[in-house]
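Chains as they are written, first to last, in the numbering used here: chain A, 140 to 401; chain B, 140 to 401; chain C, 140 to 401; chain D, 140 to 401.
Quick look at the structure:
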């Protein structure tokens, strides 16, 4: 962090400063953190959640692709006390560019094409930042079931969230489902990069490929008194460099959408 | 059913005789059942579960592709009383051949390639036979959350099941996880078309494409005290015609694997 | 053409006004041309070839996707008298979006994925405008072998041209190959949307997807005294709407690259 | 060749013994041949062309994937003196499994998906065996233009051959085209693995994937007095191991189709 120490603002796309806690870093990344003194100063760069803090930050840790797709739909519902923090399941599908550009066998064309497979269970590295941020929204620790899958597209993450009503809210399911819909619709009404599809049309990654947008939709299920919330994003834009540019715009006072396809 | 009425054995690949109950048929398929008197006589043709009944049947209703991928991993666990029947979630990814060969826009190449999308929630037609068969295994009705997704492969279904311990069994999670593993491994030890991958290697549809096999694997998660079970099959073989041939072999006393790639 | 008759400038993406000759239109499109009086007035909208005429045109017929990929590499060589006009072969691969958005069986995902197939031989409709424009560049009629293939990508055309030296120029093959390279490099040196890759790196459609650029490269073959020239473009941009916008910019005096990714 | 020296029959899938001439081997493979004394004894294992010799061979060099797709359609026409040996062009599209299972960047999923690209021009290694075998069929040396392309499928080669009438045969083009059609149809009438599609339906790799069959079709073009011949095969079966098994069946007197999907 020589740059940050000299006061230069750093927007970091790596996972190094996303966690507040050096012990959690050690647990998930298997190494001592090399600069733990910077962890409490780093801001987790999710503009829709931390816009004000990003505007003043010196070190911005831009979120991972999976966490972005999970946190944006879930944080408002946890903050509003609508969902049970003990029953969150995030099931995600990722295109192969999420694996980076490493010449390794599992990511060869013939290994990925015509292949559908889970991986990284039960403790994918991104789970640490997911649980950290959901815990902050909830006010107390949250444990999540997270299952990533590799599927044959170049770009895109589709996340399916299985959510249950918070304690005591399942009695009038329709009212609860309606409160959830209102909560998401209102929270993101003015966000340029969040496209609420509601329950009329469900998200599809091809609608957001090449853009910094995330689509969020849902389907309430009165039979099981549960809710599915879906999100779709481009893992290389909203899930990576695009979001970092969005933080850059926020930090330096540019129009937040400058240079970013919607 | 003129054929069956004349005593000819019929193996039906359609959904017409998979349900025992004409009312459930009406609820999910939106039409009166045209031959309800045959519903109680039809046998649901899942050979690993109903081998003996298939051997004597006149009308065999071959299961749907999604139900096969969900029922084979779940039925043994329900019968053994190991999992909570009220908390079953089935999240499935399907190749496009599952949609049949209809010239309609959503299934054009350009609409499906580079696209990941959920559909058919919350009440996909296959849910009816899934819940019927799980209810029979459980001894009382079961309600399931089932989410199908369309992903760009020709063939293959990958199902991720989220399962919780039955009441009172969560206290010693490791013991429970071990009992689940034993249950599946023993149940399918001699089945030629069930490949148990355990937790060392997770299922991948490309391992079973073109075969009548289903791969089943799992990952226990001590953090959430939950289990994920995964299955992979070829929706056009084990999930359709291959399984029907397997029933044919059982019904007429041929070697069960005759003509079927493993 | 009510609009053009009132003096409104029209840029037409359809094939209706690309041909100068109503008889050729009838031969290739199987119908009488509905407004033959407009054919001589229409300008074939290939900006790199007709920039000056486009700037004054009322009716601009924007070229087809295959013709663009074939004409840009070939016209300069014909105009320079370097290649034999009687031995031109154009072998093209096209992504499925080239077929439009029609719900018909041959373009379903499962029909196109894992499929490689020729079609439309020997007289694809685009052949008519290809031969017309090459004939104009040559000063006398040209007949071309053109073979389109359908391959499983969403976007992109890759054309491989097989070209022979003009009469009397094969004796010093190296000198001829060098003259060809110079001709293309010089002709397109200042064109913002033409990327000459030469023979060091061959064109690849993924380099131009989403842009209005065309890549052109080549490989001389001293063994056969023949040349292969390759081009890659995005059929939906340089091969369609992007090129129309480029003509719009030329026609109305905007910066030619305005609104167009390079 | 210790095995062959002890009299054990060897069917070799590698390229080591496909060439008769150690100098050509050195030219195309860049190394001295390690066992040149075996080159004249090895039989090029194309059963449809060398069935009798294969039946007696000790060392069978199974052909490469591209050569198989080019030689089967072309050899009969050369032997019949129907085509001009100086004007053969072979344009081939190959799936990514043709590159083997090497963890290298160009064959990663994201590098190949949504990509169309030529490579290996002008002297792909397979060109050496193509020209050798065509030269034998012709009775004198033949030089070929061969352009391989990499396209995003797992399996399959689609070859488009551009052929011209032999000297003096272009005068009655229709008669020539009909002689070509007869020649191919008769030559392969009884071959179990050659499917002649003629000109009614053109070859498509998806029709032969997973089989040892090759489809051959054609389109005569009276405008250019040229012929296009197309072939489609699975590069991993007819283009590799399947053909080797076919040679094995021939060599040891089994039914030639034993174990091989048609």
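The beta-carbon is built from N, C-alpha and C at its ideal position, and this holds for glycine as well.
Among the options, the one whose alpha carbon lies nearest that of residue i
| i | options | result |
| --- | --- | --- |
| residue 382 of chain D | D/352, D/371, D/370 and D/356 | D/352 |
| residue 325 of chain C | C/212, C/400 and C/191 | C/212 |
| residue 338 of chain B | A/260, A/346, A/302 and A/305 | A/260 |
| residue 302 of chain C | C/151, C/371 and C/358 | C/358 |
| residue 214 of chain A | A/274, A/201 and A/169 | A/274 |
| residue 170 of chain C | C/140, C/177 and C/161 | C/161 |
| residue 278 of chain C | C/332, C/141 and C/218 | C/218 |
| residue 178 of chain D | D/322, D/380 and D/157 | D/157 |
| residue 336 of chain B | B/311, B/368 and B/309 | B/368 |
| residue 238 of chain A | A/288, A/312 and A/181 | A/288 |
| residue 311 of chain D | D/246, D/394, D/221 and D/334 | D/221 |
| residue 148 of chain C | C/388, C/236, C/328 and C/309 | C/388 |
| residue 379 of chain B | B/172, B/225, B/143 and B/236 | B/236 |
| residue 305 of chain B | B/354, B/355 and B/216 | B/216 |
Residue i versus residue j: straight-line alpha-carbon distance, rounded
| i | j | result |
| --- | --- | --- |
| residue 377 of chain D | residue 264 of chain D | 19 Å |
| residue 385 of chain A | residue 186 of chain A | 7 Å |
| residue 315 of chain A | residue 267 of chain B | 26 Å |
| residue 258 of chain C | residue 174 of chain B | 47 Å |
| residue 242 of chain A | residue 243 of chain D | 5 Å |
| residue 190 of chain A | residue 392 of chain A | 11 Å |
| residue 193 of chain D | residue 150 of chain D | 10 Å |
| residue 373 of chain C | residue 319 of chain A | 42 Å |
| residue 201 of chain B | residue 360 of chain A | 28 Å |
| residue 152 of chain D | residue 349 of chain B | 25 Å |
| residue 280 of chain C | residue 331 of chain A | 55 Å |
| residue 155 of chain C | residue 399 of chain C | 25 Å |
| residue 181 of chain C | residue 370 of chain A | 48 Å |
| residue 334 of chain C | residue 145 of chain C | 39 Å |
| residue 362 of chain A | residue 163 of chain B | 14 Å |
| residue 224 of chain B | residue 347 of chain A | 37 Å |
| residue 166 of chain B | residue 172 of chain B | 10 Å |
| residue 296 of chain B | residue 344 of chain B | 7 Å |
| residue 396 of chain B | residue 329 of chain B | 13 Å |
| residue 245 of chain C | residue 356 of chain A | 32 Å |
Beta-carbon neighbours of residue i, restricted to chain B and to distances below 9 Å
| i | result |
| --- | --- |
| residue 253 of chain C | 293 |
| residue 88 of chain C | Any property of residue 88 of chain C remains undetermined from this structure, which presents chain C solely from 140 to 401. |
Neighbouring residues, chain D, relative to residue i (Cβ below 8 Å)
| i | result |
| --- | --- |
| residue 288 of chain C | 232, 297 and 299 |
| residue 240 of chain A | 244, 247 and 249 |
| residue 350 of chain C | Within 8 Å Cβ-Cβ: nothing; residue 350 of chain C doesn't reach chain D, min ~13 Å. |
Integer Cβ distance of residue i from residue j, believed to fall under 8 Å
| i | j | result |
| --- | --- | --- |
| residue 270 of chain D | residue 282 of chain D | 6 Å |
| residue 227 of chain C | residue 298 of chain C | About 12 Å; that fails the 8 Å criterion. |
| residue 198 of chain B | residue 143 of chain B | 5 Å |
| residue 365 of chain A | residue 308 of chain B | Not quite, the Cβ-Cβ distance comes to about 22 Å (not below 8 Å), so this is no contact. |
| residue 247 of chain D | residue 323 of chain A | Actually they do not touch by this definition, with Cβ atoms about 37 Å apart. |
Closer than 9 Å at the beta carbon, the chain A residues around residue i
| i | result |
| --- | --- |
| residue 341 of chain B | 256, 257, 258 and 260 |
Where residue i meets chain D, residues with beta-carbon distance less than 9 Å
| i | result |
| --- | --- |
| residue 311 of chain C | Ordered by position in chain D, no residue passes the 9 Å Cβ test against residue 311 of chain C, which lies about 18 Å from the chain. |
Residues that residue i contacts on chain C, provided the C-beta gap is smaller than 9 Å
| i | result |
| --- | --- |
| residue 358 of chain D | 257, 260, 261 and 286 |
Closer than 7 Å at the beta carbon, the chain A residues around residue i
| i | result |
| --- | --- |
| residue 345 of chain B | 253 and 254 |
| residue 228 of chain B | 228 and 301 |
| residue 369 of chain B | 257 |
Contacts of residue i in chain B (Cβ-Cβ under 8 Å)
| i | result |
| --- | --- |
| residue 365 of chain A | 284 |
Listed by chain order, chain A residues near residue i by CB distance under 8 Å
| i | result |
| --- | --- |
| residue 362 of chain B | 261, 262 and 282 |
The stretch 254 to 261 of chain C contacting the stretch 287 to 298 of chain D, beta-carbon criterion three pairs below 8 Å: yes
Segment contact, 8 Å Cβ cut-off, at least three pairs: the stretch 231 to 251 of chain C with the stretch 205 to 219 of chain C: yes
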